[in-house]
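Numbering (UniProt numbering), first residue to last: 58 to 285. We put the CB at the ideal spot given by N, CA and C, even for glycine. One structure is given here, and the rest of the page talks about it.
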Amino acid sequence: DAEVNEYRQQREITVEGRDIPKPVKSFHDAGFPEYVMEEITKAGFTEPTPIQSQGWPMALKGRDLIGIAETGSGKTLAYLLPIYPGDGPIVLVLAPTRELAVQIQQEATKFGASSRIKSTCIYGGVPKGPQVRDLRKGVEIVIATPGRLIDMLESNHTNLQRVTYLVLDEADRMLDMGFDPQLRKIASQIRPDRQTLYWSATWPKEVEQLARKFLYNPYKFFSFKFRS
Ligand code: ADP
Ligand code: MG
C-alpha cells in the first residue's frame, strides 16, 4: 500500500521477496517485550533506524533474510533485539466453541498438573478483563476460539511470535462455522517454520483444502475403527 511505500521511499529502504511485512515505524510497533523496551528507553533511542524498521518484522516472521546497510546504521540491534523472548504462548490450540476450548483446557490442566506449564482459555461472550489478566501473567499454552483471540491480538494483549506448535482442533466444525478468514489471519502471524497439527472428525474437500493452506508436508492418517 501507498503509505508503506512512502515510508520506505523516505528512508531509502528497498525490498525484494514474497510476503514482505510492513516496516515498523516505532519501537512500540515492533512488539518487543517490556524488559527490552526499557533498555531502548535507557539507551535514549527515539526511533528505529531504517534497517531496523524493516529488519525486525522480517526476523520475527521466522524467515531467512539478507540485510544490507552501511556501517553505523544499526545492524547489530537489527538482529539482536528479535531474539529476546516475549511473554506470548508457545502453544496455540484453536477450537470452534467455548465449550470445547474449556474442555481442552481442563485436560491440559489435568495431565500437565505436575509441570510448570501454564495455560489459559480465550473465548468470546464473556468480559475480557479476566482473560487479559491471565495473558499478562504469562502462559505457555493458549486455547482459544478464533474471534476472541484476534480481538486480543489486535489490542496487543498477547502475540504469537513465540508460537511453534499450532493445533487446529475440530477443523471441520471451524470451517462450518465460517472461521476460515480468521484462521488465515491468525496463521499469518505465526512463524512459518512452526509445527501445525490439524484434527478433524470428517474429511470433505473443503476441510482438505483448508489443511493445504496451513500445513507443510504433513503426515496424514485416518482411523475409523474406534469404538469406546
Ligand atoms: P552497523 O552494524 O550497521 O555498522 P551498529 O549496529 O554497530 O551498526 O550500530 C551503530 C551505533 O548505532 C551503535 O552505537 C548503536 O548503539 C547505535 N544504534 C543502534 N540502533 C539505534 C537507534 N535505533 N537509534 C540510535 N542509535 C542506534
Ligand atoms: Mg555491524
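Quick one, what's near the ligand MG if you take every residue whose CB is closer than 6 Å to any heavy atom, in chain order?
-> This criterion selects 132 and 133.
Residue nearest to residue 191 in terms of C-alpha spacing, selected from 182, 203, 215 and 153 = Working through the sequence shown from its first residue, we reach residue 191 at position 134. Checking every option, the nearest Cα to that of residue 191 belongs to 215.
Would you give the residue range spanned by the beta strand (DSSP E) that residue 255 belongs to?
-> If you number the sequence shown from 1, residue 255 lands on position 198. Segment 252-255, the beta strand (DSSP E) holding residue 255.
Spell out a yes or no on whether the stretch 172-190 and the stretch 255-265 are touching, meaning 3 or more CB-CB pairs, one atom from each, closer than 8 Å.
-> Judged by pairs of C-beta atoms under 8 Å, the stretch 172-190 does not touch the stretch 255-265, as fewer than three such pairs exist.
DSSP state of residue 149 mapped onto helix, strand, coil = Here residue 149 corresponds to residue number 92 of the sequence shown, with the count starting at 1. DSSP, read as helix, strand or coil, puts residue 149 in strand.
Is any heavy atom in the ligand ADP found nearer than 7 Å to the beta carbon of residue 112?
-> Along the sequence shown, one-based indexing puts residue 112 at 55. No - the ligand ADP has no heavy atom lying nearer than 7 Å to the Cβ of residue 112.
Since residue 145 and residue 219 are thought to touch, with beta carbons under 8 Å apart, how far apart are those beta carbons, to the nearest angstrom?
-> Counted from its first residue, the sequence shown places residue 145 at position 88. Counted from its first residue, the sequence shown places residue 219 at position 162. Between residue 219 and residue 145 the Cβ distance is about 5 Å, and since that is below 8 Å, they are a contact.
Check whether the Cβ atoms of residue 24 and residue 176 lie closer than 8 Å to each other.
-> Absent from the structure is residue 24, since the part of the chain shown begins at 58 and ends at 285.
Using only alpha-carbon positions, find the residue among 101, 90, 112 and 106 that is nearest to residue 72.
-> Along the sequence shown, one-based indexing puts residue 72 at 15. It is 112 whose Cα lies nearest to the Cα of residue 72.
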